[in-house]
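Residue numbers (this note's numbering): 9 to 264. Yeah, the Cβ is synthetic: ideal placement off N, Cα and C, and Gly gets one too. I have placed the structure first, in the form of structure tokens, so that the comments after it can refer back to it.
Right, dumping it as structure tokens:
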């Protein structure tokens, strides 16, 4: 009888432990979701910039093509002790895994730029999800990082893109200062376009591309110019609010 009671107690303990593990897992799963709404006047908006009293800006690089200058860019960032955010496509991650690791090991943000750099608004919700989850898995396997920052290819989004990204645990990040480096107008053009931009201010998100022809050559001057204006350059993860915020009609994130 005692033996039977002991077996029964053991069974209850096992079941209780299994339930606890399952419950913990479910909390972990739920906790990855971005819970704060980005809806403004019935429309979902990505984060274009951040309302902050601190004189900070985020410098970001989209990595979708090319890799000749990535190491040079990392070297310049290291020299200035500056950390930024790289938004990477799945194709780029697969083609340049060592550089993904180098970006991570240097302390920069890893962000998603989708798997195949398609116009996300033209995809089904399931296709949108796969575009996010596929590159997420690749980066996780390489670095152990669960990314939570997403930039839509071409800046193309609609309500469904942002809602799907949120469901997958992502904050959708746009920009309010475009370096236009992808137009290959030259170093001076990049510097002038950013440093004299009327939208540049505290909380700005600056768009660059690691594969653009003149970006690496302009980077040293760009960092120096921003710092001379009194800006601290930070990764997106250190600029945005993760909760307790709302958005204005320009996509500016404002702390509640």
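Apart from the five residues just before and just after residue i, which ones in its own chain have a Cβ nearer than 8 Å to its Cβ?
| i | result |
| --- | --- |
| residue 154 | 40, 144, 148, 177 |
| residue 127 | 161, 162, 164 |
| residue 12 | Residue placement at residue 12 is flagged as unreliable, the pLDDT there being 46, under the threshold of 50; a coordinate-derived value is accordingly withheld. |
| residue 151 | 108, 109, 112, 118 |
Around the C-beta of residue i, are 16 or more other C-beta atoms found within 10 angstroms, so that it is buried, or is it exposed?
| i | result |
| --- | --- |
| residue 51 | exposed |
| residue 288 | Nothing can be reported for residue 288: it is not among the residues displayed for the chain, which extend from 9 to 264. |
| residue 187 | buried |
| residue 132 | exposed |
| residue 77 | buried |
| residue 113 | exposed |
| residue 68 | buried |
| residue 257 | exposed |
| residue 198 | buried |
| residue 206 | exposed |
| residue 263 | exposed |
Residue i: which of the options sits nearest, CA to CA?
| i | options | result |
| --- | --- | --- |
| residue 241 | 56, 47, 186, 85 | 85 |
| residue 204 | 233, 191, 226 | 233 |
| residue 212 | 113, 168, 62 | 62 |
| residue 238 | 230, 245, 244 | 230 |
| residue 139 | 121, 243, 152 | 121 |
| residue 260 | 59, 48, 93 | 59 |
| residue 184 | 48, 46, 56, 47 | 56 |
| residue 159 | 254, 216, 49 | 216 |
| residue 97 | 250, 219, 245, 246 | 219 |
| residue 287 | 106, 75, 104, 117 | No answer is possible for residue 287: it lies beyond the span of the chain, which begins at 9 and ends at 264. |
| residue 73 | 64, 102, 262 | 102 |
| residue 175 | 157, 236, 109, 246 | 157 |
| residue 248 | 136, 83, 64 | 64 |
| residue 235 | 208, 167, 255 | 208 |
| residue 48 | 105, 167, 134, 130 | 167 |
| residue 54 | 264, 189, 169 | 169 |
| residue 66 | 254, 250, 244 | 244 |
DSSP on residue i, reduced to helix/strand/coil?
| i | result |
| --- | --- |
| residue 119 | strand |
| residue 64 | strand |
| residue 70 | strand |
| residue 198 | helix |
| residue 206 | coil |
| residue 245 | helix |
| residue 132 | coil |
Where DSSP assigns a beta bridge to residue i, which residues make up the other side?
| i | result |
| --- | --- |
| residue 179 | 157 |
| residue 262 | 254 |
| residue 47 | 52 |
| residue 93 | 68, 117 |
| residue 186 | 215 |
| residue 108 | Residue 108 is not bridged to any residue. |
| residue 57 | 212, 260 |
| residue 240 | 64 |
Residues in its own chain within less than 7 Å of residue i by CB, not counting five upstream and five downstream?
| i | result |
| --- | --- |
| residue 80 | 224 |
| residue 221 | 192 |
| residue 88 | 231 |
Identify, in the order they occur along the chain, each residue of the same chain with its Cβ nearer than 6 Å to the Cβ of residue i, setting aside the five sequence neighbours on each side.
| i | result |
| --- | --- |
| residue 195 | 222, 225, 226 |
| residue 70 | 95, 121, 217 |
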